[in-house]
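What follows is one structure encoded as structure tokens, with my remarks underneath.
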Amino acid sequence: MTDRPEGVRTGRRPGNPDTREAILTVARARFADTGFDKTSVRSIAAAAGVDSALVHHYFGTKRELFLAAVAMPVDPHVVLAAILNAPVEQAGEQLLRAVLGIWDSALGDAVQAAFRTAISGESTGLVRDFLIEVVLRELIDRIDDPPGSGPVRATLLASQMSGLFVVRYLLGVEPLASLSIDEVVTLVGPTMQRYLTGDLDAAPGQASAGPVPRAT
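Using UniProt numbering, read the sequence shown as starting at 1 and increasing by one per residue.
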């Protein structure tokens, strides 16, 4: 067996940094403008003036390119793997605990930086697609009860997660910012679980039974 020369890395080569950044710049704009599903690697490559094979060489799959575009320091699939294998009745607490563990870890600053970048300017579509198409998409089929409620449940869950992130980490609002993970899970976990498996006040795609009465 031949020894690998010292200093030679395994895995995908980094490539030309200017070309790589040009691809990322185009990818951010495309994903923000047309969304994850409607954006193809071929269209990104064409706009960047490179062959689509080069995009795959630098970034792998379209999903990996998307994660690079939003500069996420951790692959959400790693977080969701254990949750997808857990009983759905426990998914709310486990998802919240897993996400809080990342946000409170050494990766927290990098996640905050990625989030700030994603919501700046015209890049809010990246946040939307990151939450729904990447983070929560694999959960939708599991929580689609009654049929058709999965997307509603997923968006409610996304609103809770993003709101918690902004208030606890970006704004540092007390006392929420100083609560322990266990305390946050105790307080917020039941709401997360209701969004996943509980009864919803309105059926998907329908308005509520009537207007909310005004206080007199």
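Glycine included, C-beta positions come from ideal geometry on N, C-alpha and C.
All values reported here derive from a predicted model rather than from experimental measurement.
Helix, strand or coil at residue i according to DSSP, with G and I counted as helix
i: Gln94; result: helix
i: Asp201; result: coil
i: Val70; result: coil
i: Asp182; result: helix
i: Leu196; result: helix
i: Ser149; result: coil
i: Val173; result: coil
i: Ser43; result: helix
i: Gly49; result: coil
i: Asp104; result: coil
i: Leu136; result: coil
i: Asp144; result: coil
Residue-chain proximity (residue i, chain C), Cβ-Cβ < 8 Å
i: Leu176; result: Looking at the structure shown, chain C is missing, and only one protein chain is on hand.
Nearest residue (CA-CA) to residue i, options the options
i: Tyr169; options: Ala68, Trp103, Ala86; result: Trp103
i: Asp182; options: Gly101, Val41, Ala68; result: Gly101
i: Arg28; options: Ala53, Ala71, Ala158, Ser52; result: Ala71
i: Ala69; options: Ile143, Val185, Pro147, Ala32; result: Ala32
i: Arg137; options: Leu80, Leu179, Lys38, Val185; result: Leu80
i: Thr197; options: Asp141, Ser180, Leu54, Ala98; result: Asp141
Where the alpha helix (DSSP H) through residue i begins and ends
i: Ser52; result: 52-59
i: Ala27; result: 17-38
i: Glu89; result: Careful: Glu89 lies outside any alpha helix (DSSP H) and carries neither H nor E.
Residue i burial status per 10 Å Cβ neighbour count (16 or more: buried)
i: Gly150; result: buried
i: Thr61; result: exposed
i: Gly11; result: Its pLDDT being 39, under 50, Gly11 is placed unreliably by the model, and the measurement read from it follows with that caveat. The residue in question, Gly11, is exposed, as its Cβ has fewer than 16 Cβ neighbours within 10 Å.
i: Arg153; result: buried
i: Leu171; result: exposed
i: residue 238; result: The structure shown does not extend to residue 238, since the chain spans only 1 to 216, so no value can be given for it.
i: Arg116; result: exposed
i: Asp18; result: exposed
i: Arg20; result: buried
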